[in-house]
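K.L.:
To start, I am sharing the structure in question, which I have written as structure tokens.
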Amino acid sequence: MAKPVDTRTAGRKPVAKATRSAAETEKIRAALAARRDELSAEYDQTLSEITELQRDRLTDSAGDDQADTGTKTFEREQEISLANSIKERITQVERALERLDEGGYGWCERCGNPIPVERLAAFPSATLCVTCKQLEERR
């Protein structure tokens with residue numbers, strides 16, 4: 001039985017991946033680890049704030065009308081959405097660290113071309129080059 005063809009990479013020439021020095025790799029790893037630690041601290045802080053606000057809302061809800069209840073629900077959903085966003089960014093940084101260990105960091109996952117240094121400087125956990133990211137966002 002024939003293997004299914006990966007349409008994302010079919011017909012493309014493999015791009016030779018340049019190797020980076022151990023010092024460069026460690027510098028990137030340290031920057032990504034520092035970012036992950038920052039985000040983890042922010043996530044923990046956000047969770048503790050949500051917990052504290054939930055506690056306050058439970059003790060201070062006597063006499064609330066429907067508008068007050070709706071406002072509190074909306075605020076809680078916004079806080080949870082913020083926490084989920086931070087968690088997603090942590091996951092992206094962890095994925096970048098995995099790619100660094102595997103040797104795929106700095107290379108587009110879709111086309112295999114190098115991701116410009118400027119893009120990685122602005123968004124260190126980028127997995128797609130600018131062109132592929134633009135195509136993805138148009139869908």
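Going by UniProt numbering, the residue at position 83 of the sequence shown is 83; the numbering climbs one at a time, nothing skipped.
Glycine is no exception: its CB is placed at the ideal position from the N, C-alpha and C atoms.
Every value quoted in this text rests on a predicted model; they were computed, and no experiment measured them.
Starting from N84, follow the alpha helix (DSSP H) in both directions and report where the run begins and ends.
P.N.:
Looking at the DSSP string, the run of the alpha helix (DSSP H) that includes N84 is 66 to 102.
K.L.:
Quick one: Cα of E94 to Cα of R36, how far?
P.N.:
E94 and R36: Cα-Cα distance of roughly 7 Å.
K.L.:
Specify whether the region 103 to 110 and the region 79 to 94 touch according to this definition: at least 3 beta carbon pairs, one from each stretch, less than 8 Å apart.
P.N.:
No: the two stretches stay apart, fewer than three of their Cβ pairs being nearer than 8 Å.
K.L.:
Closer than 6 Å by C-beta to R57: which residues in its own chain qualify, once you throw out the five before and the five after it? Chain order, please.
P.N.:
The answer, listed in chain order, is K72.
K.L.:
Could you tell me how far apart the beta carbons of A83 and T46 are, in whole angstroms, since I believe they sit closer than 8 Å?
P.N.:
Right, their Cβ atoms sit about 5 Å apart.
K.L.:
Buried or exposed: S48, going by 16 or more other Cβ atoms within 10 Å of its Cβ?
P.N.:
Exposed, by the Cβ-count rule.
K.L.:
Which residues in the same chain have their Cβ closer than 7 Å to the Cβ of E109, if we skip the five residues on either side of it in sequence?
P.N.:
If we look at E109 and ignore the five residues flanking it on each side, its Cβ neighbours are T127, L128.
K.L.:
Go to Y105, then tell me how far its alpha helix (DSSP H) extends in each direction, as first and last residue.
P.N.:
Looking at the DSSP string, Y105 is not in any alpha helix (DSSP H), and its letter there is neither H nor E.
K.L.:
Count the other C-beta atoms from every protein chain shown that fall within 10 angstroms of the C-beta of S81, then say buried if there are 16 or more, exposed otherwise.
P.N.:
Looking at its Cβ environment, which holds fewer than 16 other Cβ atoms inside 10 Å, S81 is exposed.
K.L.:
Give me the Cα-Cα distance between D101 and E77, rounded to the nearest whole angstrom.
P.N.:
Between D101 and E77, the C-alpha separation is close to 36 Å.
K.L.:
Name, in chain order, the residues that DSSP records as bridge partners for P114.
P.N.:
P114 pairs with W107.
K.L.:
Considering only C-alpha positions, which residue in the set P124, A121, A122, C132 is nearest to G112?
P.N.:
Looking at the Cα atoms, C132 is the closest of the given residues.
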